[in-house]
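FYI, in full-length UniProt numbering the residues of the sequence shown are 1 to 334.
Just so you know, even glycine gets a beta-carbon here, dropped at the ideal spot from N, CA and C.
Structure record follows, encoded as structure tokens.
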Amino acid sequence: MNWITSFVRPKINSMLGRRDVPENLWIKCPETGEMVFHTDLEENLWVIPASGYHMKISAEARLKYLFDNGAFEEIERPQAVQDPLKFRDSKKYTDRLRDVRAKTGLEDSIIAGVGTIKGVRAVACAHDFSFIGGSLGVAAGEAIIRAFEVAVEQNCPVVMFAASGGARMQEGILSLMQLPRTTVAVEMLKEAGLPYIVVLTNPTTGGVSASYAMLGDIHIAEPGAEICFAGKRVIEQTIHEKLPEGFQTSEYLMEHGMVDMVVSRHDLPDTLARLLNIMMKKPPHQIDAAPSPDGAVEEPDAVIVESETEPMPAVEAAEAVANGPENRDANNSG
């Protein structure tokens, strides 16, 4: 074997060989099949530009686009037992936790933080569906409860972004126990007279939809989100009937009075700010102006209400936002 065969040819082959291309550079729209470059999708808050389909988005990204200038203080979660049942399915639960933490960089399925939304100070919690389906376990329950405690301590409202498959089966009855515990936390917030707004995203199902996700003063849903307790197929097999088209989607639930409004992801910060301004009864001079990226101060788009100590009822607040000038114009145009 000469030097051409042993050295030159392998070198040429390596130079001309296929380069490794990173995965997920292009994302396919589940609705239309359109291919979108990943950076374009990130810049558009993971909403497909042409179809408007709302892709899943990480909890951290949610909080960054929600809070002014993407700045928030993460609420430290209490320590929780990692594997109380010593559970094992296809692999040990401890191994599953280790693997998903390494993959996502998260400690658990909930991130909670404190920041300002168009100048309104608030606590926000967000599920991350990439962490075992956003499931609710002991650690997630502790994080949610602590977030509500911080909200009461700091006298500010709570915004919850729900995206979950339900209770975490690997923690058995202890995960189910988080349903009443988080319900008590919601009641604690309401007893303090503070607003609680839930944003239902795709999907919100199972035990989460049977507890704190459906206990808000106002329920907002992202377009096309699946919101249910049991899935459509399970219900059809149980009742032996075909369910209507669009059953359990955001739009269907709004038509039937289960949610108050369906709002695009791009419009959520403004909508939430208007709702919180009304519900907290903040007159314009009490609302902190939110700085824009160029350093200029922008006046928040607030609805002027009377200054009172008691928060406005949720129904009145939702109607005030739903009947705002932009919505009246849209309704009149139809």
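For the beta strand (DSSP E) holding residue i, just list the boundary residues, first then last.
| i | result |
| --- | --- |
| L179 | From DSSP, L179 is part of no beta strand (DSSP E) but of the alpha helix (DSSP H) over 178-191. |
| V198 | 196-204 |
| V120 | 120-127 |
Helix, strand or coil: which one does DSSP assign to residue i?
| i | result |
| --- | --- |
| E308 | Per-residue confidence for E308 stands at a pLDDT of 44, beneath the threshold of 50, marking its modelled position as unreliable; no derived number is given. |
| A302 | The pLDDT assigned to A302 is 41, lower than 50, so where the model puts this residue is not dependable; a value taken from the coordinates is nonetheless given after this. Coil at A302, not helix or strand. |
| V234 | helix |
| E319 | helix |
| G246 | coil |
| G334 | Unreliable placement is indicated for G334, whose pLDDT of 42 sits below 50; no coordinate value is reported for it. |
Identify every residue that forms a DSSP beta bridge with residue i.
| i | result |
| --- | --- |
| M261 | I220 |
| E241 | Partner(s): none; E241 has no beta bridge. |
| I132 | Answer is none; I132 lacks a bridge partner. |
| I117 | V120 |
| E171 | Bridge partners of E171: none, in fact. |
Provide the residue span of the alpha helix (DSSP H) that contains residue i, from first to last.
| i | result |
| --- | --- |
| L215 | That residue, L215, is in no alpha helix (DSSP H); it is neither H nor E in DSSP. |
| D251 | First, the amino acid is wrong: residue 251 is Glu here, not Asp. Here the alpha helix (DSSP H) through E251 covers 250-255. |
| residue 335 | Residue 335 cannot be examined here, being either before or after the span of the chain that is shown, 1 to 334. |
Under 7 Å, do residue i and residue j count as touching if we go by C-beta distance?
| i | j | result |
| --- | --- | --- |
| T104 | S130 | yes |
| H127 | A163 | yes |
| C125 | M177 | no |
| I144 | T182 | yes |
| I27 | L41 | yes |
| V199 | I218 | no |
| L174 | P78 | no |
| H38 | R265 | no |
Whole alpha helix (DSSP H) runs in the segment 137-168 with 4 or more residues, listed along the chain?
138-154
Would you list, in sequence order, the uninterrupted alpha helix (DSSP H) runs of no fewer than 4 residues that lie entirely inside the segment 25-113?
38-43, 59-66, 93-104
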